[in-house]
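Notes follow once the structure below has been shown.
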Amino acid sequence: MQNPKHYLVLLLVMLTFLTFTMGSNAFAIIPEPTRSSDVPADLIWDTDRGCYISQDFEKDLQKEEPQIPTFDYSVIIRLIEKIKLNNSLFTDINKSPLEKALAEYEAEYMKNPSFKAYYDPKDDHALTILTKLGVKVLPDMMERIQSNPEQAGVLMYAVQEITSVKREQFIDASNQGRKAWLNEMNAVMKKAPTTVHENALQLENNPTDQTAVNNIINLGIFAAPFVMDEVAKGNTQVLVCMDKIAVAHNILTDKNIQSTWTDWIKIHENDLKVLQNMVEDAQ
Amino acid sequence: MIVFKKNRMMIMVLTLVMFFNVVPMVLAAAPQVTYVSPPDQGFFLQGRNWWASCNVTNNPTFVGFFYGNGQDPWHQELQENYQSGTTWGGNWAPNYWVKPQNNGGTWYWPYTCHYAENGDGKHWPYRYSYVALGNLNDYRGVDTGFTYNSETSHDFINVATGTHAVAHGTPNTYNCLAYSVGITDHWEWPWPGTPSYADLQTYMSNHGFPTSSNSLMPWAKVIYYNGNHFAKVTSWDSSGIPLTIRSKWGTMELINSDSYNPFTSVYGQATYYFK
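So the protein sequences, as listed, match chains F and R.
Following our numbering, the numbering of the first sequence begins with 81 at its first residue and continues without gaps.
Following our numbering, the numbering of the second sequence begins with 244 at its first residue and continues without gaps.
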């Protein structure tokens, strides 16, 4: 094709073809097949895609997308100035051990966000960031469960791990669920002194009384201060319960419960005071 | 004569006042920033580089790019470098997620902002931008057909909502089950683990889906997958077979899928159908 006119003609033919084919696709309307009575009334036929779609979805779609926030423009400059001043907002000044642990836990979560629809503490290796804080943060955790619904779920799991209180694993972090859970925990604390004392007497008479053992085990770590009292009175049979409660806490070994227990009391004097105070507050 | 002198004095005073007040205002010029990129209302994957740039006039002494949800923490992403003309920019490699603001189940865009300053002032235009919780492999690991052509053409519908481990009833987040029954302000999972078919039938019936089937059911509106996942059906063919679905991926985003059974073993196979 030496003649440039031929190129021009070819180009025109190609353009016409492209316009025709693309245009015909872009404006194609796919008609609805004869609508059977099975088609739910709330579905409409999408003539572009050739399928049924939900009217509700079309209405909801806008709601489901992120919305444009209404906010004070100066907020941004205040935040920027704060960064420039501090060089970092991740300052640990004035943060309690629990606040620091929660921030660390959150950072860990962001490294491995969860696709799962339900939470299983067994899958959450980062939960130890909270549980390793131990008994001393229990009052702070309980307070936050009441005051911070967003953090309550994970804190409820952490408290259950730390205290070893035997209860159903299912956690309900709704307002009602948290209230019920806190009442349940308070009830455990409330009955701890009497339950330990009564069942310790049972064990003194019958060291193999499994019901008495279970009654104390169900109190979890809240039994510890009162088991200590019983041991101080000379009833060492009750220590078998602590052996079971404390497995999760690596407190005791099986060789010489009594001497290990004495050592543990010395090391955890402050923890025992915390537990005692919590139980007293619950009375 | 005295009146004339008085007037002349007044004019002189006024001129001086004008000179000392207006002239410095004209000469002192804060930077003026024009936001160029990244685009407005984009979803940005982690694990990628994005070009962030702006045009700045009036000799800025600092140009930076920031990201956040309008609350603490607000992050400086990069200090932008001078390119040419009035253009400043840099590579943005987002590698963390901030929880978007929300209110009663409505979720809001976070912001990106180009900020410039000089001795005379500052200017900080912003756009709406969202950094996703994961990278492309994370999403393709769940749905191999997950589409991500660009920041504004993808299968994302809404932002991710989770921060902590979540229990049933946790507010300011939601999951697949909640979404499938129209809830976006709290997490729903009223069972200690995997629910039975009977559990699901009771729950779905109580939430407006009384008919169920353990085989593909025409015109199904909600599908349960045996990896503990739920999705809403968004379109059907003319015989009622589901074509596309939308679902909330745990604490992650609300996402469209291009078939009704698109998931890998993470969420498993379509198992029960409800309408």
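Glycine residues also receive a C-beta, built at the ideal position from the N, C-alpha and C atoms.
Own chain partners of K335 (chain F) with C-beta closer than 7 Å, once the 5 adjacent residues on each side are dropped: Bear in mind that a pLDDT of 48 at K335 (chain F), under 50, signals an unreliable position, so the model cannot answer this.
Considering only residues of the stretch 203-243 of chain F, which uninterrupted alpha helix (DSSP H) runs meet the minimum length of 4 residues and lie entirely inside it, listed in chain order? 208-211, 218-227 and 229-243
Return the Cβ separation of A272 (chain F) and F250 (chain F) in integer angstroms, given the expectation that the two are a contact with Cβ distance under 8 Å. So it is not a contact: roughly 23 Å between Cβ atoms.
Listing by chain order, which chain R residues have their CB less than 7 Å from the CB of I163 (chain F)? W317 and Q319
Any C-beta of chain F within less than 7 Å: which residues of the stretch 268-297 of chain R qualify? Flagged: no residues at all.
Pick helix, strand or coil for P201 (chain F), following the three-state DSSP scheme. Judged by DSSP in its simplified three-state form, P201 (chain F) adopts helix.
Span of the beta strand (DSSP E) around G332 (chain R): T330 to W335
Does any residue of chain F bring its CB to less than 7 Å from the CB of V374 (chain R)? no
Quick check on Q142 (chain F): does DSSP put it in helix, strand or coil? The answer is helix: DSSP assigns Q142 (chain F) an H, G or I state.
Write down the C-beta distance between A375 (chain R) and Q289 (chain R) rounded to the nearest angstrom, noting that I regard them as a contact closer than 8 Å. 6 Å
Cutting at 8 Å between CB atoms, please list the residues of its own chain near K175 (chain F), excluding the five before and the five after it. A183
Determine whether the Cβ of V155 (chain F) lies closer than 7 Å to any Cβ atom of chain R. yes
Looking at the structure shown, is K353 (chain F) part of a helix, part of a strand, or coil, going by DSSP? Of the three classes helix, strand and coil, the one that applies to K353 (chain F) here is helix, per DSSP.
is_contact[S448 (chain R), chain F] using C-beta, thresh 7 Å: Interface flag for S448 (chain R) against chain F is unset, since no Cβ pair is found closer than 7 Å.
Compare the C-beta of L159 (chain F) with all C-beta atoms of chain R and state if any pair is closer than 7 Å. yes
When DSSP labels each residue in this structure, what does I484 (chain R) get in the three-state scheme? coil
What did DSSP end up calling S154 (chain F) once you bin it into helix, strand or coil? Helix, per DSSP.
Which of helix, strand or coil does DSSP assign to W344 (chain F)? Correct three-state label for W344 (chain F): helix.
Entirely enclosed alpha helix (DSSP H) segments - the stretch 388-475 of chain R, minimum 4 residues: 419-423 and 440-449
Apart from the five residues just before and just after N361 (chain R), which ones in its own chain have a Cβ nearer than 7 Å to its Cβ? A273, P274, N301, N302, P303 and T304
May I ask you to list the residues that DSSP assigns as paired with G238 (chain R)? With chain R running from 244 to 518 in the structure shown, residue 238 (chain R) is simply not present.
Using the three-state DSSP reduction, which class does A328 (chain F) fall into: helix, strand or coil? For A328 (chain F), the predicted model reports a pLDDT of 48, less than 50, meaning its position is unreliable; a value from the coordinates is still stated below. Helix.
Let me check understanding here. Comparing Cα to Cα, which of F:G314, F:A312, F:K270 and F:A304 lies closest to C321 (chain F)? The shortest C-alpha to C-alpha distance from C321 (chain F) to any of F:G314, F:A312, F:K270 and F:A304 is the one to F:A304.
Look up Y339 (chain R) in the DSSP assignment and say whether it is helix, strand or coil. coil
Closest Cβ-Cβ distance between A408 (chain R) and chain F: below 7 Å? yes
By a C-beta neighbour count over all protein chains shown, 10 Å radius and 16 as the cutoff for buried, is S168 (chain F) buried or exposed? Unreliable positioning characterises S168 (chain F) in this predicted model, as indicated by a pLDDT of 48, which lies under 50. The coordinate reading is nonetheless provided below. Exposed, by the Cβ-count rule.
Are there three or more Cβ pairs, one per stretch, closer than 8 Å when the stretch 437-451 of chain R is compared with the stretch 365-384 of chain R? no
Taking 7 Å as the threshold (beta carbon to beta carbon), is I488 (chain R) in contact with chain F? no
Cα-Cα separation, T349 (chain R) to K346 (chain F): In this structure, the straight-line span from the alpha carbon of T349 (chain R) to that of K346 (chain F) is close to 53 Å.
Which residue comes first and which comes last in the alpha helix (DSSP H) that contains F306 (chain F)? A304 to A312
Span of the alpha helix (DSSP H) around G257 (chain F): N255 to N285
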